[in-house]
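Numbering (our numbering), first residue to last: 1 to 233.
Below: one structure, written as structure tokens.
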């Protein structure tokens, strides 16, 4: 049983689940085309699903993000398009789940295990950070949110980009250490270590179990085993 040292004001905290899309977490999507280990990216599904359930029960604001572009790619910078081609996963190219990282395609949608509930906001973002060219900042401020819990993929790119954008905007942040997955196992720990430097320059890190315990004080909360995509379908 875990006892959390984390204190949460549910009314002023939001959970943001970052880019848990088929394009990143399932075979045949953008990540797989780029040669990334989708099973590794999917390994955090169990942690996120448990935290998501606890946040919903507690009445916390929940938001989801999806990275992707308009069908005509007018919102995709040429340099980003070029780099994706170098990774053998050119944005807009046809893949087994439709065009890669294009809005409206099957691969662009959030995986079934973490599907948003009716009423939960989905932020469609053209960049790595969730604040870039979206209305996320205004939505959070209108809801009275001043603290964010971040989880999802990938730790070193979209999670870190969103984290840094949030910190610059004055939000307190908690990154779910075991609820984020890096594209390369060698990048996970350094990405978390960066958050801790200078006394926590980019906020705090907590496990999903610690956060669930904070959301459910007095209720036993056992550690959540790591799971692969196949184990959670």
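For each residue, glycine too, the CB sits at the ideal point set by N, CA and C.
CA nearest to the CA of residue i, picked from the options
{"i": "residue 117", "options": "38, 49, 208 and 200", "result": "49"}
{"i": "residue 196", "options": "213, 175, 100 and 208", "result": "175"}
{"i": "residue 46", "options": "17, 8, 61 and 162", "result": "17"}
{"i": "residue 142", "options": "126, 30, 11 and 88", "result": "11"}
{"i": "residue 6", "options": "158, 149, 104 and 165", "result": "149"}
{"i": "residue 161", "options": "186, 144 and 192", "result": "192"}
{"i": "residue 62", "options": "90, 120, 172 and 136", "result": "120"}
{"i": "residue 201", "options": "165, 64 and 144", "result": "165"}
{"i": "residue 25", "options": "131, 14 and 107", "result": "107"}
{"i": "residue 209", "options": "28, 20, 14 and 54", "result": "54"}
{"i": "residue 187", "options": "204, 159, 167 and 155", "result": "155"}
{"i": "residue 92", "options": "30, 198 and 137", "result": "30"}
{"i": "residue 129", "options": "112, 100 and 167", "result": "167"}
{"i": "residue 71", "options": "56, 185 and 100", "result": "100"}
Rounded straight-line distance, which links the Cα of residue j to that of residue i
{"i": "residue 58", "j": "residue 82", "result": "43 Å"}
{"i": "residue 215", "j": "residue 180", "result": "19 Å"}
{"i": "residue 38", "j": "residue 182", "result": "10 Å"}
{"i": "residue 87", "j": "residue 67", "result": "17 Å"}
{"i": "residue 65", "j": "residue 126", "result": "10 Å"}
{"i": "residue 131", "j": "residue 104", "result": "21 Å"}
{"i": "residue 73", "j": "residue 19", "result": "19 Å"}
{"i": "residue 77", "j": "residue 212", "result": "39 Å"}
Buried or exposed by the 16-neighbour rule on C-beta atoms within 10 Å, applied to residue i
{"i": "residue 109", "result": "buried"}
{"i": "residue 231", "result": "Summary for residue 231: the model assigns pLDDT 36, below 50, so the residue's position carries little reliability; its value from the coordinates is reported in the next sentence. Classification for residue 231: exposed."}
{"i": "residue 152", "result": "buried"}
{"i": "residue 43", "result": "buried"}
{"i": "residue 189", "result": "exposed"}
{"i": "residue 14", "result": "buried"}
{"i": "residue 95", "result": "buried"}
{"i": "residue 89", "result": "buried"}
{"i": "residue 3", "result": "Its pLDDT being 48, under 50, residue 3 is placed unreliably by the model, and the measurement read from it follows with that caveat. Residue 3 should be labelled exposed."}
{"i": "residue 144", "result": "exposed"}
Presumed contact (8 Å Cβ cut-off) between residue i and residue j, rounded CB distance
{"i": "residue 102", "j": "residue 69", "result": "6 Å"}
{"i": "residue 52", "j": "residue 140", "result": "About 18 Å separates the two Cβ atoms, so there is no contact after all."}
{"i": "residue 177", "j": "residue 207", "result": "6 Å"}
{"i": "residue 40", "j": "residue 97", "result": "Between residue 97 and residue 40 the Cβ distance is about 19 Å, and since that is not below 8 Å, they are no contact."}
{"i": "residue 173", "j": "residue 203", "result": "3 Å"}
C-beta neighbour in chain D for residue i, strict 8 Å
{"i": "residue 31", "result": "As a matter of chain content, chain D is missing from the structure shown, which is built from one protein chain."}
*Given 8 Å as the limit, is there contact between the segment 24–37 and the segment 71–82, that is, 3 or more CB pairs closer than that?*
no
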